[in-house]
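Residue 45 in our numbering sits at position 51 of the first sequence, and the numbers go up by one each step.
Written out below as structure tokens is the structure these notes cover.
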Amino acid sequence: MAYWLFKSEPDVWGWDAQVAKGDKGEQWDGVRNYQARNNMREMKLGEKGFFYHSRSGLEIVGIVEVCAEAHPDTTTDDPRWECVDIKALRPFTVPVSLDAIKADERLSDMVLVKNSRLSVQPVTEQEWQIICEMGQTDP
DNA sequence: GCCAACGTTGGC
DNA sequence: GCCAACGTTGGC
């Protein structure tokens, strides 16, 4: 069981928008980066990920679940781009800020810290546990 | 809003 | 296949 992290600008597509889609979820479209796409191809039904607000949020605000595996991105005719569907699972009791993540030595290898530009990224099980604890939320 | 870092494109 | 130019992302 792998864990993931999805980044989005809250002004464009935030947690509230994701929650509003309910259990059907929504495709994570618009990704035009091979690394991010490859990560989505790896995702299996039922795997979980963090939902992170970039730019004007800079914090992890909730947990999402993959509810459809990789399929063509319907927002483009270019067959190279695929995406998964995700649905909101539960919000964090306490959002976990980028500052808090950077301040924790155990999280210094996180992709979020090392490669801030990757919008869909893997999270290790250890990182998953630590961050859920920080957010006072069930993993 | 700025700009560094990174990814992609395209001419050679 | 290299690399300069360009576009985008995202922290600050």
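Quick reminder that beta carbons are idealized off the backbone N, C-alpha and C, glycines included.
For clarity, every value in this text was computed on a predicted model and none was experimentally measured.
Burial state of residue i (16 or more Cβ within 10 Å)
i: aspartate 67; result: buried
i: glutamine 123; result: exposed
i: glutamate 53; result: buried
i: alanine 11; result: exposed
As assigned by DSSP and simplified to three states, the class of residue i
i: valine 6; result: coil
i: arginine 100; result: helix
i: glutamate 76; result: strand
i: arginine 84; result: strand
i: glutamate 41; result: coil
i: glycine 56; result: strand
i: leucine 165; result: Outside the shown range of the chain, which is -5 to 133, sits residue 165, and nothing can be said about it.
i: glutamine 130; result: coil
i: valine 90; result: strand
Cβ shell of residue i (< 6 Å), same chain only, five flanking positions each side left out
i: glutamate 20; result: none
i: asparagine 48; result: Note that residue 48 corresponds to serine in the displayed sequence, not to asparagine. Lys1 and Glu3.
Nonlocal neighbours in the same chain, by C-beta distance under 8 Å from residue i, ignoring five residues either side
i: glutamate 63; result: Met37, Lys38, Leu39 and Val78
Cβ neighbours of residue i in the same chain (closer than 7 Å, five flanking residues each side left out)
i: phenylalanine 76; result: As written in the sequence, residue 76 is glutamate, which differs from the phenylalanine given in the question. Cβ within range, chain order: Arg31, Met34, Arg35, Ala64, His65, Pro66 and Asp67.
i: threonine 69; result: Asp23 and Gly24
i: phenylalanine 86; result: Ile54, Val55, Gly56, Gly129 and Thr131
i: lysine 96; result: Val107
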